[in-house]
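A.B. asks: Going down the list, the protein sequences come from chains A and B. 597 is the number that UniProt numbering gives the last residue of the first sequence; the numbers go up by one with no jumps. 597 is the number that UniProt numbering gives the last residue of the second sequence; the numbers go up by one with no jumps. For every residue, glycine included, the Cβ atom is placed at its ideal position computed from N, Cα and C. The model shown is predicted, which means the values in this text are computed figures rather than measured ones.
Protein chains: 2
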Amino acid sequence: MYGTAVAVFLVILVAALQGSAPPENPFPYRIPLDPEGTLELSWNVSYAQEAIHFQLLVRDLRAGVLFGMSDRGQLENADLVVLWTDGDRAYFGDAWSDQKGQIHLDSQQDYQLLRAQKTPEGLYLLFKRSFGTCDPKDYFIEDGTVHLVYGILEQPIPSLEAINTSGLQTGLQRVQLLKPNISVPVLPDDLSTMEVRSPDILIPGQETTYWCYIIELPAGFSRHHIVMYEPIVTTGNEALVHHMEVFQCAAEFESFPRFNGPCDSKMKPERLNYCRHVLAAWALGAKAFYYPEEAGLAFGGPGSSRFLRLEVHYHNPLKIQGRRDSSGIRLYYTSSLRRFDAGIMELGLVYTPVMAIPPREPTFVLTGYCTDKCTQLALPPSGIHIFASQLHTHLTGRKVVTVLARGGREKEVVNRDNHYSPHFQEIRMLKKVVSVHPGDVLITSCTYNTEDRELATVGGFGILEEMCVNYVHYYPQTQLELCKSAVDPGFLQKYFHIVNRFNSEDVCTCPQTSVLQQFASVPWNSFNRDMLKALYGFAPISMHCNKSSAVRFQGEWDLQPLPEIISTLEEPTPQCPASRAQGPSGPTVVSIGGGRG
Amino acid sequence: MYGTAVAVFLVILVAALQGSAPPENPFPYRIPLDPEGTLELSWNVSYAQEAIHFQLLVRDLRAGVLFGMSDRGQLENADLVVLWTDGDRAYFGDAWSDQKGQIHLDSQQDYQLLRAQKTPEGLYLLFKRSFGTCDPKDYFIEDGTVHLVYGILEQPIPSLEAINTSGLQTGLQRVQLLKPNISVPVLPDDLSTMEVRSPDILIPGQETTYWCYIIELPAGFSRHHIVMYEPIVTTGNEALVHHMEVFQCAAEFESFPRFNGPCDSKMKPERLNYCRHVLAAWALGAKAFYYPEEAGLAFGGPGSSRFLRLEVHYHNPLKIQGRRDSSGIRLYYTSSLRRFDAGIMELGLVYTPVMAIPPREPTFVLTGYCTDKCTQLALPPSGIHIFASQLHTHLTGRKVVTVLARGGREKEVVNRDNHYSPHFQEIRMLKKVVSVHPGDVLITSCTYNTEDRELATVGGFGILEEMCVNYVHYYPQTQLELCKSAVDPGFLQKYFHIVNRFNSEDVCTCPQTSVLQQFASVPWNSFNRDMLKALYGFAPISMHCNKSSAVRFQGEWDLQPLPEIISTLEEPTPQCPASRAQGPSGPTVVSIGGGRG
Chain A
1 MYGTAVAVFL VILVAALQGS APPENPFPYR IPLDPEGTLE LSWNVSYAQE AIHFQLLVRD
61 LRAGVLFGMS DRGQLENADL VVLWTDGDRA YFGDAWSDQK GQIHLDSQQD YQLLRAQKTP
121 EGLYLLFKRS FGTCDPKDYF IEDGTVHLVY GILEQPIPSL EAINTSGLQT GLQRVQLLKP
181 NISVPVLPDD LSTMEVRSPD ILIPGQETTY WCYIIELPAG FSRHHIVMYE PIVTTGNEAL
241 VHHMEVFQCA AEFESFPRFN GPCDSKMKPE RLNYCRHVLA AWALGAKAFY YPEEAGLAFG
301 GPGSSRFLRL EVHYHNPLKI QGRRDSSGIR LYYTSSLRRF DAGIMELGLV YTPVMAIPPR
361 EPTFVLTGYC TDKCTQLALP PSGIHIFASQ LHTHLTGRKV VTVLARGGRE KEVVNRDNHY
421 SPHFQEIRML KKVVSVHPGD VLITSCTYNT EDRELATVGG FGILEEMCVN YVHYYPQTQL
481 ELCKSAVDPG FLQKYFHIVN RFNSEDVCTC PQTSVLQQFA SVPWNSFNRD MLKALYGFAP
541 ISMHCNKSSA VRFQGEWDLQ PLPEIISTLE EPTPQCPASR AQGPSGPTVV SIGGGRG
Chain B
1 MYGTAVAVFL VILVAALQGS APPENPFPYR IPLDPEGTLE LSWNVSYAQE AIHFQLLVRD
61 LRAGVLFGMS DRGQLENADL VVLWTDGDRA YFGDAWSDQK GQIHLDSQQD YQLLRAQKTP
121 EGLYLLFKRS FGTCDPKDYF IEDGTVHLVY GILEQPIPSL EAINTSGLQT GLQRVQLLKP
181 NISVPVLPDD LSTMEVRSPD ILIPGQETTY WCYIIELPAG FSRHHIVMYE PIVTTGNEAL
241 VHHMEVFQCA AEFESFPRFN GPCDSKMKPE RLNYCRHVLA AWALGAKAFY YPEEAGLAFG
301 GPGSSRFLRL EVHYHNPLKI QGRRDSSGIR LYYTSSLRRF DAGIMELGLV YTPVMAIPPR
361 EPTFVLTGYC TDKCTQLALP PSGIHIFASQ LHTHLTGRKV VTVLARGGRE KEVVNRDNHY
421 SPHFQEIRML KKVVSVHPGD VLITSCTYNT EDRELATVGG FGILEEMCVN YVHYYPQTQL
481 ELCKSAVDPG FLQKYFHIVN RFNSEDVCTC PQTSVLQQFA SVPWNSFNRD MLKALYGFAP
541 ISMHCNKSSA VRFQGEWDLQ PLPEIISTLE EPTPQCPASR AQGPSGPTVV SIGGGRG
């Protein structure tokens with residue numbers, strides 16, 4: 001029926017070339033979009049031009065493809081490019097989808113097609129997009145997670161409006177598009193490598209698997225510095241291996257049992273829960289991780305466990321059976337210890353139910369503080385240097401940001417992700433190292449969405465409870481492992497008393513009632529919601545300024561005043577391109593060689 | 001010194017002509033910008049193109065002019081066009097000023113110069129601007145008040161950055177740029193006119209004068225309908241006459257004393273305070289006011305006072321002496337009564353101290369309701385039709401909006417002014433008549449700025465107290481004169497109790513303490529501010545659903561639930577021009593004929 005049209009469409013050879021030529025440097029980043037790897041995206045970033053060049057490989061082109069970005073990976077309210085055919089000609093256009101998922105051509109064409117090329121591998125589309133356009137319908141590409149969306153058109157369509165997205169094969173892929181532009185540090189001459197990888201396992205034919213594998217360092221393995229690491233992904237499994245982490249086990253235990261199996265297996269020994277100290281982490285789309293030239297992550301030697309745990313998250317939505325895998329992480333280490341040990345510090349909120357999110361909130365913000373009093377006491381006079389960060393929440397987390405304040409003024413963003421997803425927790429190198437001095441304040445805010453919850457979501461360890469954490473990687477290592485806060489529990493009790501005054505004594509304020517029970521009995525009207533926000537924005541806090549998770553620095557840490565902030569940083573906004581590359585006002589006709597069939 | 005340059009500059013004849021030609025229809029709206037009338041702005045509005053054509057007449061051109069718009073008339077953060085000379089050539093460019101008032105050329109040139117013409121009157125500049133551009137630095141021209149700013153350049157400048165705005169003659173003028181596009185209703189054949197104007201008075205040589213003058217309708221003047229009115233401004237005083245209102249006196253009194261003098265004069269008889277029923281109002285830049293074809297404003301006849309009060313506000317910042325004036329309003333009326341009497345209804349907040357604004361708030365919103373229960377009871381089954389609106393607050397008012405909601409959903413904006421100024425209170429004809437049916441809800445919200453206040457600002461009649469009112473003009477007239485609300489006083493007392501619980505018993509909650517005293521003793525920390533907002537957004541209200549200011553409709557009006565709104569209208573946002581007229585990326589050189597000197 002439309003075989004002819006598709007055939008015509010497939011003879012595209014080289015098409016519209018306009019605007020700037022593709023850059024010299026090809027595409028350092030690459031990611032498969034769909035689980036079958038039919039669509040593959042490569043890209044590079046020009047911070048000078050504030051633009052990204054995308055190369056989309058379409059392996060088995062039918063009648064067209066949709067590609068784009070949206071707030072959280074939905075196909076509604078998305079910013080799209082569409083390649084499509086009406087059965088006669090082929091078109092490339094900048095489009096957008098409304099809140100019903102209906103697709104419309106954009107009045108401003110901000111994706112600029114540079115090349116369309118058919119090869120034996122498939123069709124390569126090369127196009128360019130500025131980080132920000134001045135079209136309010138467009139997505140603003142910023143630091144942190146970007147939710148890429150795609151769709152595959154099986155049939156020619158008369159117009160974009162005729163696309164019914166609910167009938168297409170569509171999906172999403174999370175990625176950090178704006179990779180930091182970091183020059184590779186000089187590596188030592190005596191570099192050794194160690195591959196921590198799964199031992200040719202059979203990937204289970206289920207959507208989600210966390211695989212656990214224990215390895216042991218050689219006996220007598222002395223103290224070394226890890227200076228970089230990189231992923232090893234078994235060829236063919238690129239679309240299945242979602243993320244991987246290497247943990248070091250606790251030094252308190254002489255030995256750990258061997259294990260090779262799903263992390264949630266009943267056969268998994270209890271003791272493996274003590275293997276939680278992160279040595280390395282990788283997620284889809286990430287490249288090698290480098291420590292700064294002055295620092296390395298210590299492992300081996302006395303006081304350090306010889307046991308490591310590899311965890312691999314396989315994401316297998318098509319439930320492919322029988323696939324074998326040996327993916328893992330390659331650690332690069334040296335015995336010539338660098339000047340500084342690197343450390344990891346936990347910022348944000350204490351895991352306690354006093355910090356809670358009411359149900360049915362589209363955006364509710366909780367904030368944790370690392371106060372000036374704590375940094376004054378625990379940081380060296382010359383300060384510390386944060387070079388990487390891993391953000392962490394549980395299921396309702398939607399945004400995370402840590403800001404550094406000095407003298408009551410916000411000075412610098414340590415890390416911000418406005419499209420954070422709990423399903424995509426990478427360790428990210430910072431674009432710029434952030435130095436923290438004694439007396440500085442670090443403010444970590446998490447935004448949650450509890451629209452699908454019936455009851456308040458309280459802080460805690462459970463997967464249905466919440467966290468707000470930023471693991472910052474820094475040097476030189478200090479004794480400060482944890483700098484977090486929570487609201488003062490006495491003030492929370494005052495809150496429950498007010499709730500009762502405005503309502504009909506719903507909340508029991510007797511001492512034997514748990515905070516969890518108290519939150520569960522709050523009637524969530526607008527007053528009680530607003531007042532909880534007001535409480536968290538006003539009440540004094542209890543600080544955890546700790547050497548390890550249980551040992552506090554000496555001092556008074558209860559009923560501390562909230563840090564006062566007199567000037568805040570502005571959120572980044574799109575820069576309109578200085579001189580707008582005047583794109584076409586309609587779609588580009590992609591020139592088609594050859595005749596009909 | 002720079003006489004030559006100025007001379008060269010003055011021989012501009014006809015310059016750059018680009019883009020669309022000036023429209024057929026010339027400029028229906030005109031306003032002087034400065035008190036001396038050196039700068040005069042004319043304009044027209046094209047709703048089809050979403051653009052305004054401006055014609056700026058510069059009578060005594062020196063080295064250039066600045067013209068533009070800003071949020072509230074400040075020269076900082078303003079969106080500007082600048083005509084300037086560097087002593088050699090003349091330039092026209094789109095510019096913006098930063099928060100320090102420093103002027104920069106805009107990277108996007110959105111003001112489009114169409115013509116520059118020297119005439120014996122002065123230099124005419126014709127230029128065009130879209131309502132919205134996609135430049136975040138640009139002002140978005142929307143309904144309601146626009147604060148125009150201007151400046152006069154006395155000397156050539158090497159570049160825009162060299163302009164020191166603090167050294168210039170600058171000023172602001174408020175105007176409604178987006179006039180409604182209403183076709184003039186058919187007028188009756190037996191139209192009579194009556195001029196209510198000041199009797200050739202001497203304008204006082206002080207900045208602000210409100211002049212009061214009482215006139216009397218002829219004895220036996222029967223019932224008529226006013227169907228339109230227009231301003232009469234004495235030639236030469238266009239920049240001095242700021243606004244004028246005609247009030248009818250109360251019918252309870254047989255007669256009123258004659259008076260002709262400043263309204264704040266000690267000689268003014270007390271009784272004139274009973275002349276407050278608005279018959280007509282005009283403010284700078286407004287044109288004739290027309291009633292809809294089906295309705296007229298009744299005056300004359302039994303039950304209607306024969307006494308009218310004219311109030312003229314003279315704004316005389318240069319303190320010009322000896323100027324005589326006979327400005328006023330010309331009423332057009334008919335004895336062939338139209339089908340419907342027009343009425344005026346008061347929406348918003350009751351004048352009571354229970355509605356208060358904390359001090360030092362940049363934007364604090366108070367909301368008054370006209371509930372479904374009241375409209376159900378008081379409106380006819382076929383509803384009423386609002387065709388005009390006058391917004392009213394006292395000194396801290398910054399925005400006012402009234403929205404109509406039906407079935408819990410906001411449906412339509414009755415009137416919105418995002419740049420409202422208490423110094424510019426016009427009666428504005430609506431672009432679109434809004435019909436209100438029994439069961440509808442009218443929600444009026446006012447935004448206040450109390451950054452310069454030390455104590456809470458409470459609701460009330462005093463000029464330092466606040467109001468939030470929308471006088472809506474509608475037909476057919478009903479008995480409902482007032483549909484307003486305020487928070488329930490009992491819930492406000494609960495608020496003061498909570499304030500005491502979180503602080504040190506600052507607020508006296510004994511019965512003899514006035515609400516004013518209670519608000520004055522609240523310590524304004526973030527919790528007490530947030531909680532007051534939460535209270536106003538939650539607590540039940542007391543409704544005033546009144547036939548006249550003292551007589552309520554029958555029913556229970558205390559402790560009414562706040563109307564529940566499940567979906568809100570979005571604020572208007574700039575539409576990016578569909579196909580952007582690609583302006584120059586730098587300033588336009590205005591071609592100069594003739595030579596030096």
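If you run the structure through DSSP and keep just helix, strand and coil, what is E230 of chain B?
C.D. replies: strand
A.B. asks: Which residues of chain B have a Cβ atom closer than 8 Å to the Cβ of P136 of chain A, listed in chain order?
C.D. replies: C134, T573, P574, C576
A.B. asks: Could one say the Cβ of L559 of chain A lies closer than 8 Å to chain B's Cβ atoms, at least one of them?
C.D. replies: no
A.B. asks: Please name the residue in B:G383, B:I201, B:C263 whose C-alpha comes closest to that of V233 of chain B.
C.D. replies: B:I201
A.B. asks: I need the boundaries of the alpha helix (DSSP H) containing R115 of chain B, first residue and last residue.
C.D. replies: Segment 112-118 is the beta strand (DSSP E) holding R115 of chain B; no alpha helix (DSSP H) there.
A.B. asks: In angstroms, rounded to a whole number, what distance separates the CA positions of L153 of chain A and T588 of chain A?
C.D. replies: 18 Å
A.B. asks: Would you call the CB atoms of E346 of chain A and V434 of chain A closer than 8 Å?
C.D. replies: no
A.B. asks: Using a beta-carbon distance below 8 Å, is R501 of chain A in contact with chain B?
C.D. replies: With 8 Å as the cut-off, R501 of chain A counts as an interface residue toward chain B.
A.B. asks: Excluding the 5 residues preceding and the 5 following D34 of chain B in the sequence, name in chain order all residues of the same chain whose CB lies nearer than 6 Å to its CB.
C.D. replies: Cβ neighbours of D34 of chain B beyond the five flanking positions: G171.
A.B. asks: Give me the residue from A:K411, A:M355, A:G439 with the minimum Cα distance to V515 of chain A.
C.D. replies: If we check each option's Cα against that of V515 of chain A, A:M355 comes out closest.
A.B. asks: With distances taken between CB atoms, is the gap from M228 of chain A to Y274 of chain A smaller than 8 Å?
C.D. replies: no
A.B. asks: Going by DSSP in three states, H419 of chain B sits in which element: helix, strand or coil?
C.D. replies: coil
A.B. asks: Pick from A:I566, A:S130, A:L168, A:T193: whose alpha carbon is nearest that of R406 of chain A?
C.D. replies: Here the closest residue by C-alpha is A:I566.
A.B. asks: Between residue 610 of chain B and the rest of its own chain, which residues show a CB-CB distance below 8 Å, the 5 nearest in sequence each way excluded?
C.D. replies: With chain B covering only 1 through 597, there is no way to say anything about residue 610 of chain B.
A.B. asks: Which term fits C483 of chain A, buried or exposed, when burial requires 16 or more other beta carbons within 10 angstroms of its beta carbon?
C.D. replies: buried
A.B. asks: According to DSSP, which residues form a beta bridge with V401 of chain A?
C.D. replies: Paired residue(s): A:R416, A:S445.
A.B. asks: Spell out a yes or no on whether the stretch 382-396 of chain B and the stretch 492-504 of chain B are touching, meaning 3 or more CB-CB pairs, one atom from each, closer than 8 Å.
C.D. replies: no
A.B. asks: How should P269 of chain B be labelled, buried or exposed, when 16 other C-beta atoms within 10 angstroms of its C-beta is the threshold for buried?
C.D. replies: When all chains shown are included, P269 of chain B counts as exposed.
A.B. asks: Going by other Cβ atoms of all chains shown within 10 Å of its Cβ, with 16 needed for buried, is A550 of chain B buried or exposed?
C.D. replies: exposed
A.B. asks: Is S526 of chain A close to chain B? Criterion is C-beta to C-beta, closer than 8 Å.
C.D. replies: yes
A.B. asks: Provide the residue span of the beta strand (DSSP E) that contains M69 of chain A, from first to last.
C.D. replies: 64-70
A.B. asks: Given L160 of chain A, which residues of its chain have a CB within under 8 Å of its CB, disregarding the five upstream and five downstream residues?
C.D. replies: V82, W84, G93, A95, I103, H104, L105
A.B. asks: Closer than 8 Å, Cβ to any Cβ of chain A: which residues of the stretch 533-546 of chain B, in chain order?
C.D. replies: K533, A534, L535, G537, F538, A539
A.B. asks: Who are the Cβ neighbours of G408 of chain B in its own chain at under 8 Å, not counting the five residues just before and after it?
C.D. replies: P563, E564, I565, I566, S567
A.B. asks: I need the DSSP call for F387 of chain B, collapsed to helix, strand or coil.
C.D. replies: Residue state, collapsed to three classes: strand.
A.B. asks: Between R324 of chain B and A283 of chain B, what straight-line distance do the alpha-carbon atoms span, to the nearest angstrom?
C.D. replies: Approximately 19 Å between the Cα atoms of the pair.
A.B. asks: Return helix, strand or coil for C468 of chain B, following the three-state DSSP convention.
C.D. replies: DSSP, reduced to helix, strand and coil, places C468 of chain B outside both helices and strands of the structure shown, so it counts as coil.
A.B. asks: Buried or exposed, going by whether 16 or more other CB atoms sit within 10 Å of the CB of N181 of chain B?
C.D. replies: exposed
A.B. asks: Whole angstroms are fine: how far does the CA of L126 of chain A sit from the CA of P22 of chain A?
C.D. replies: Any answer about P22 of chain A is weak, because its pLDDT of 47 lies below 50 and its placement is not dependable; what the coordinates show is given next. Their backbone Cα atoms lie some 8 Å apart in a straight line.
A.B. asks: Compute the Euclidean distance between the alpha carbons of F221 of chain A and E254 of chain A, then round it to the nearest angstrom.
C.D. replies: 15 Å
A.B. asks: As a quick exercise: from B:V196, B:K319, B:V436, pick the residue whose alpha carbon is nearest that of Y332 of chain B.
C.D. replies: B:V196
A.B. asks: Can you check whether the C-beta of M531 of chain B is within less than 8 Å of a C-beta belonging to chain C?
C.D. replies: Looking at the structure shown, chain C is missing, and the protein chains on hand are A and B.
A.B. asks: So, does the stretch 121-139 of chain B touch the stretch 51-63 of chain B, judging by three or more C-beta pairs under 8 Å?
C.D. replies: yes
A.B. asks: Can you tell me whether E24 of chain A is buried or exposed? The criterion is at least 16 other CB atoms within 10 Å of its CB, across all chains shown.
C.D. replies: Confidence in E24 of chain A is poor, its pLDDT being 49 and thus under 50, which makes the residue's placement too unreliable to answer from.
A.B. asks: Measure the CB-CB distance between H437 of chain B and L379 of chain B and report whether it falls below 8 Å.
C.D. replies: yes
A.B. asks: Are at least three pairs of beta-carbons, each pair with one atom in the stretch 243-257 of chain B and one in the stretch 349-365 of chain B, less than 8 Å apart?
C.D. replies: no
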